[in-house]
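Q: Supplied in structure tokens, the structure appears directly below.
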Amino acid sequence: MKYMMFVCTDTEPETDDSLVPDVDVWVTENDKAGRRIEGSELVSPAAATTVRVRGGELLLSDGPFAETKEVIVGYDLLECADLDEAIEVARAHPMAWRGRIELRPFA
Amino acid sequence: MTDTARAVADAGVESRPRIVAALIRITGDWTLAEDCAQEALALALERWPKDGVPANPGGWLMTVARNRAVDVLRRATVERRKLEELAMLASTEPEEVPAVDDRLRLIFTCCHPALALEARVALTLRTIAGVPAADIARTFLVTESTMTRRLTRAKAKIATAGIPYRVPTGAALTERLPGVLAVLYLLFTRGYDTEGEPAFAEEAIRLARLLRALMPGEPEVSGLLALFLLQHSRRAARRDADGNLLTLDQQDRGRWDHAAIGEAVALLPAQPGPYALQARIAACHVASPSDWPTAATLYDELYGLLPTPVIALNRAVAHGYAHGAASGLVLLAEARAGGALDAYPYVLAVEADLTARAGDVERAVSLFERAAAAAPTEPERRALLTRAEDLTR
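Top to bottom, those sequences are chains X and W. Residue numbers -1 to 105, in the working numbering, belong to the letters of the first sequence in order. Residue numbers 1083 to 1475, in the working numbering, belong to the letters of the second sequence in order.
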């Protein structure tokens, strides 16, 4: 199954930095195992543009889709056998420790 | 209910989870599995009165449900592999189906932490225990259609999010087991509440037995089963003829289920897990009178492990009985200090009881009356008012 892994910040992270995994190790390992298809960091939400069409009219707005303090700062596209494998991959990502990660399966 | 209808109902309770679990394993389709089990039971209701109850009712139901699934899948022309597996199953005797493994797999899937806790309990009740959605809705205080929607959403999430249908292994099993035990505990509590559905408690015990048969070396599983058996052993003695609640020392011990108590005592683990400790505390009340000093020590240990306000409250009670009402009142004041117990309806009852035993009758009477006003159910309210009246007599 394909999972989109949204890497999100957390406004009040509680972490012990000595325990947080290294992101480069995470990328290398999961690329090698074929579980990470691609991924990237994203620039700050200040550069986001939200696109909507309402009543046939294109509405563009500045910024992310919702007022929120936790923002998506990256994504990784995963190929995993099931949710448990995706959770194992996500838990080893540093942002599961410093922020939060949302796993969303592809339809 | 006619004898045949009774036979169908019994076979349904006994076989339905096994059939559903086996069909889910093979088809991966929860709704199909449940529908086919339901249709098999409906057919039994139609056929058995005419043809007689078959020698192996469970096997009969499994065969009908499986054939129904084959038909549906064939018509839907799903993957070849699933049909092949079904064909293989069709050639084996029902007794050879690894029923226990299937049900354990089902428990771990229903209790997956990616599902909301309430969805886990509801799904366990519906899929493993076969409880009708209407009954589950009643205990969760929602309408039947709301509960049906929640169950449908949970099943859809299992399929679309890729929640695997298996018992996890290694470290994942250790991580997931407490979640499964928590769902069984919640299930049991729903059955044990004053206004609960007693069948839920029976189901929780049945599932805990199943879990223990498969994980005999897990002390917390044994602890949970022992705890259930001890609590449940007193069910016949908890009320008097008028339905009033009786405290432990008022209960007729002759009406306790001593076979269940014996089984529980043999299960008691020595390890200090939360359920093992609670089971050992429950076992302190098997003796007559209750062994309060041991219970108080075990509560200290449990509170060290799980420092929750409710455990702090129970610890105060145990110390109050073991070492005098005054020490209980001191611990009660500590438990209430944070304010977390302010809305908990039993705090006043505990304070009233400790105050009465400390000898302050006037204050105790007023506390019992306030506790009665805060009691969540009518039998509890009556029991507390009786205590107040007894003190003024």
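Ideal Cβ placement from N, Cα and C applies to all residues, glycine included.
Taking the continuous alpha helix (DSSP H) assigned at W/Pro1250, which residues delimit it?
A: No alpha helix (DSSP H) holds W/Pro1250; DSSP gives it neither H nor E.
Q: To the nearest angstrom, report how far apart W/Glu1121 and W/Glu1226 are at their CA atoms.
A: 21 Å
Q: If we cut at 9 Å on Cβ distances, does X/Ile99 have a partner in chain W?
A: no
Q: For chain X, is any of its Cβ atoms less than 9 Å away from the one on W/Ile1108?
A: no
Q: Quick check on DSSP: helix, strand or coil for X/Lys0?
A: Of the three classes helix, strand and coil, the one that applies to X/Lys0 here is strand, per DSSP.
Q: For a contact defined as C-beta to C-beta under 8 Å, what are the partners of W/Thr1242 on chain X?
A: Contact annotation for W/Thr1242 against chain X: Pro103, Ala105 [CB-CB distance below 8 Å, chain order].
Q: Between W/Ala1352, W/Asp1373, W/Val1154, W/Leu1125, which lies nearest to W/Asp1111 when the distance is taken from Cα to Cα?
A: W/Val1154
Q: Give, in chain order, every residue of the region 1248 to 1266 of chain W whose Cβ lies closer than 9 Å to some Cβ of chain X.
A: Arg1248, Pro1250, Ala1254
Q: In whole angstroms, what separates the C-alpha of W/Pro1099 from that of W/Ala1308?
A: 23 Å
Q: Less than 8 Å between the CB of W/Arg1321 and some heavy atom of the ligand FMN, yes or no?
A: Of ligands this structure carries none, so the ligand FMN is not represented either.
Q: How about W/Val1447 and W/Val1399: are their beta carbons less than 9 Å apart?
A: no
Q: Does DSSP classify W/Val1447 as helix, strand or coil?
A: helix
Q: If the criterion is Cβ atoms closer than 9 Å, does the pair W/Leu1197 and W/Lys1239 meet it?
A: yes
Q: Name the one or two DSSP bridge partners that X/Val51 has.
A: X/Leu56
Q: Determine the burial state of W/His1340: buried for a count of at least 16 other Cβ atoms within 10 Å of its Cβ, exposed for fewer.
A: Taking a 10 Å sphere around the C-beta of W/His1340, we find fewer than 16 other C-beta atoms and assign the residue as exposed.
Q: Look up W/Leu1197 in the DSSP assignment and say whether it is helix, strand or coil.
A: coil
Q: Starting from W/Ala1196, find everything on chain X with Cβ-Cβ shorter than 8 Å and list it in chain order.
A: Leu81, Ile85
Q: Hey, how far is the Cα of X/Phe4 from the Cα of X/Met93?
A: 10 Å
Q: When the Cα of W/Ala1151 is compared with those of W/Ala1124, W/Leu1105, W/Arg1362, which residue comes out closest?
A: W/Leu1105
Q: Roughly how many angstroms separate the alpha carbons of W/Arg1335 and W/Ala1364, rounded to a whole number?
A: 14 Å
Q: Which first and last residues belong to the beta strand (DSSP E) in which X/Ile99 is found?
A: 98 to 103
Q: Determine which residues of the region 1184 to 1217 of chain W have a Cβ less than 7 Å from any Cβ of chain X, and write them out in chain order.
A: Answer set for the region 1184 to 1217 of chain W: Ala1196.
Q: Report yes or no: is there a C-beta of chain W within less than 9 Å of the C-beta of X/Cys6?
A: no
Q: For X/Ile70, which residues of its own chain have a beta-carbon under 6 Å away from its beta-carbon, when the five flanking residues on both sides are left out?
A: Phe4, Cys6
Q: Should the region 30 to 45 of chain X be regarded as contacting the region 67 to 85 of chain X, the criterion being three or more beta carbon pairs within less than 8 Å?
A: yes
Q: Rounded to whole angstroms, what's the CA-CA distance from W/Glu1279 to W/Cys1366? Just pull it up for me.
A: Cα-Cα distance, rounded: 26 Å.
Q: Measuring CB to CB, does W/Ala1377 end up less than 9 Å from W/Tyr1357?
A: no
Q: Excluding the 5 residues preceding and the 5 following W/Gln1360 in the sequence, name in chain order all residues of the same chain whose CB lies nearer than 8 Å to its CB.
A: Gly1305, Leu1309, Leu1384
Q: Using a Cβ-Cβ cutoff of less than 7 Å, which residues in the same chain neighbour W/Val1265 once the five nearest sequence positions on both sides are dropped?
A: Cys1193, Arg1202, Val1203, Thr1206
Q: On the criterion of 16 or more Cβ atoms from any shown chain inside 10 Å, does X/Asp14 qualify as buried, or is it exposed?
A: exposed
Q: What three-state label does DSSP hand X/Glu68 in the structure shown?
A: coil
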